[in-house]
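In this note's numbering, the protein residues as written are 266 to 394.
Input: a single structure, listed below in structure tokens.
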């Protein structure tokens with residue numbers, strides 16, 4: 266899944282993956298397995314907000330934009346109200362400049378286009394963890 270031989274040990278970290286597509290969830294699970302990071306999943310923005318509001322703690326959030334119930338932009342805004350210190354990386358298949366601007370305006374700390382490249386994901390995560 267990439268040519269980067271750098272080793273990451275995030276066994277002391279917990280990441281929330283907010284994604285409604287099973288294929289994307291499986292991709293992240295496989296890509297992050299060797300890092301030993303603990304993964305928690307939410308299939309829409311409202312579920313992610315509920316986890317944060319209930320006191321769940323995460324070191325980083327990977328957030329899709331287009332999801333049912335609540336989109337990633339609205340979820341990012343709400344999460345940043347409760348947990349401004351938690352870095353959020355938004356990723357989307359719709360890479361319009363407007364989406365990027367809206368994402369950063371909502372408070373995201375990183376933005377990536379799908380399909381997400383493993384080296385870019387790891388480098389972005391490393392800079393935020």
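For glycine and all other residues, C-beta sits at the position ideal for the given N, C-alpha and C.
Since this is a predicted model, take the numbers as computed values, not measurements.
Assigned exposure category for residue i - 16 Cβ within 10 Å defines buried
| i | result |
| --- | --- |
| residue 266 | Bear in mind that the predicted position of residue 266 carries a pLDDT of just 45, short of 50, making it too unreliable to give a figure here. |
| residue 272 | exposed |
| residue 391 | exposed |
| residue 268 | With a pLDDT of 43 at residue 268, under the threshold of 50, the predicted position of this residue should be treated as unreliable, and no value is reported. |
| residue 361 | exposed |
| residue 359 | exposed |
| residue 368 | buried |
| residue 347 | exposed |
| residue 364 | buried |
| residue 287 | exposed |
Beta-carbon proximity check, residue i vs residue j, cutoff 8 Å
| i | j | result |
| --- | --- | --- |
| residue 352 | residue 325 | yes |
| residue 342 | residue 372 | yes |
| residue 330 | residue 338 | yes |
| residue 308 | residue 277 | no |
| residue 314 | residue 280 | no |
| residue 335 | residue 375 | no |
| residue 290 | residue 328 | no |
| residue 379 | residue 356 | yes |
| residue 354 | residue 389 | yes |
| residue 296 | residue 386 | yes |
| residue 393 | residue 275 | no |
DSSP bridge partner residues for residue i (one or two, in chain order)
| i | result |
| --- | --- |
| residue 376 | 355 |
Alpha helix (DSSP H) runs wholly inside the region 271-354, at least 4 long, in chain order: 287-297, 310-318 and 337-347
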